[in-house]
Amino acid sequence: MKETAIHISLLTKQEDELSTQEMRLLNEARLATYRSYAPYSHFSVGAAVELADGTIVSGSNQENAAYPSGLCAERTAVFYANSRYPDVPIRRICIVARGTDGKPLHRPIAPCGACRQVLLEAELRAGHPIEVMLHGTEGTYFIQSIRDLLPLSFDESFL
Ligand code: THU
83 MKETAIHISL
93 LTKQEDELST
103 QEMRLLNEAR
113 LATYRSYAPY
123 SHFSVGAAVE
133 LADGTIVSGS
143 NQENAAYPSG
153 LCAERTAVFY
163 ANSRYPDVPI
173 RRICIVARGT
183 DGKPLHRPIA
193 PCGACRQVLL
203 EAELRAGHPI
213 EVMLHGTEGT
223 YFIQSIRDLL
233 PLSFDESFL
């Protein structure tokens, strides 16, 4: 028998420790929550993606009466970025949410499994790690790569 431990590390920063560019990205993600279409869950998520040339693209969750037809904020932002700027790799993503009371979440939001899978593809496509910022009012988690969020992941190397 052999045990393998998989280790991930994350950094937590308070708002006064964020750089100007990190703050910019966070503010774009926050703004995006106000463009969310969430009449069913009343849970508004915003994602802002920073590209290699500094361009910021944002997206929000878009729900549908046929529930599974809706899309999370992260995939909306990543697919939009890749459709609009297919040749510019993604460098960083910041995700925030407001709960059913309309207030920002205290605990940093965690992206769903399907979004992690899509972000992994974006990371492989970029050819370098995509940094992840998960924001809550109690702090922002910084994770160095999508692989850290999705260990033992399925990718093209299996095909
Ligand atoms: N949602 C996101 O947009 N991103 C996440 O990371 C988690 C969940 C959306 C999907 C749905 O519109 C609502 O939040 C409640 O699940």
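Take the sequence shown: its letter number 40 is residue 122 in this note's numbering, and every next letter is one higher.
Even for Gly, the Cβ is constructed at its ideal location relative to N, Cα and C.
Within 10 angstroms of the Cβ of Arg157, are there 16 or more other Cβ atoms? Answer buried if so, exposed if not.
-> Counting from one through the sequence shown, the residue named residue 157 turns up at place 75. Around the beta carbon of Arg157, 16 or more other beta carbons lie within 10 angstroms, which makes this residue buried.
Is the closest heavy atom of the ligand THU to the C-beta of Val214 under 6 Å?
-> By 1-based counting over the sequence shown, the position of residue 214 is 132. Not under cutoff, so the answer is no.
Expected contact under 8 Å - CB spacing of Leu202 and Leu232 to nearest Å = Here residue 202 refers to the residue found at position 120 when the sequence shown is read from its first residue. Here residue 232 refers to the residue found at position 150 when the sequence shown is read from its first residue. Confirmed, about 5 Å.
Quick one: measure Cβ to Cβ for Ile175 and Val131, integer angstroms, because I've assumed they're closer than 8 Å.
-> Sequence index remark: in the sequence shown, residue 175 carries index 93 (1-based). Sequence index remark: in the sequence shown, residue 131 carries index 49 (1-based). Contact between Ile175 and Val131 holds: CB atoms are separated by about 5 Å, below the 8 Å threshold.
Is Ser140 near the ligand THU, in the sense that its beta carbon is under 6 Å from a heavy atom of that ligand?
-> Here residue 140 corresponds to residue number 58 of the sequence shown, with the count starting at 1. Checking the Cβ of Ser140 against the ligand THU gives no.
To the nearest whole angstrom, what separates the beta carbons of Ile177 and Leu216, a pair I think is in contact under 8 Å?
-> Position 95 of the sequence shown, counted from the start, is the residue given in the question as residue 177. Position 134 of the sequence shown, counted from the start, is the residue given in the question as residue 216. Between Leu216 and Ile177 the Cβ distance is about 6 Å, and since that is below 8 Å, they are a contact.
With respect to 6 Å, is the separation between the Cβ of Ser151 and the closest non-hydrogen atom of the ligand THU below this value?
-> Counted from its first residue, the sequence shown places residue 151 at position 69. When distances are taken from the beta-carbon of Ser151 to the heavy atoms of the ligand THU, even the shortest one reaches 6 Å or more.
Euclidean distance between Cα positions of Ile212 and Glu238 = For the purposes of this step, residue 212 is identified with residue 130 of the sequence shown, where counting begins at 1. For the purposes of this step, residue 238 is identified with residue 156 of the sequence shown, where counting begins at 1. C-alpha of Ile212 to C-alpha of Glu238: approximately 18 Å in a straight line.
For Arg180, does the count of other Cβ atoms within 10 angstroms reach 16, so buried, or fall short, so exposed?
-> Locating residue 180 in the sequence shown gives position 98, counting from the first residue. Here Arg180 is buried. Its C-beta has 16 or more other C-beta atoms within 10 Å.
Locate the alpha helix (DSSP H) running through Arg157, then write down its first and last residues.
-> Here residue 157 corresponds to residue number 75 of the sequence shown, with the count starting at 1. Arg157 -> alpha helix (DSSP H) spans 155-166.
Beta-bridge partners of Cys176, as assigned by DSSP | Numbered from its first residue, the sequence shown carries residue 176 at position 94. DSSP output for Cys176 lists Ala130, Met215 as bridge partner(s).
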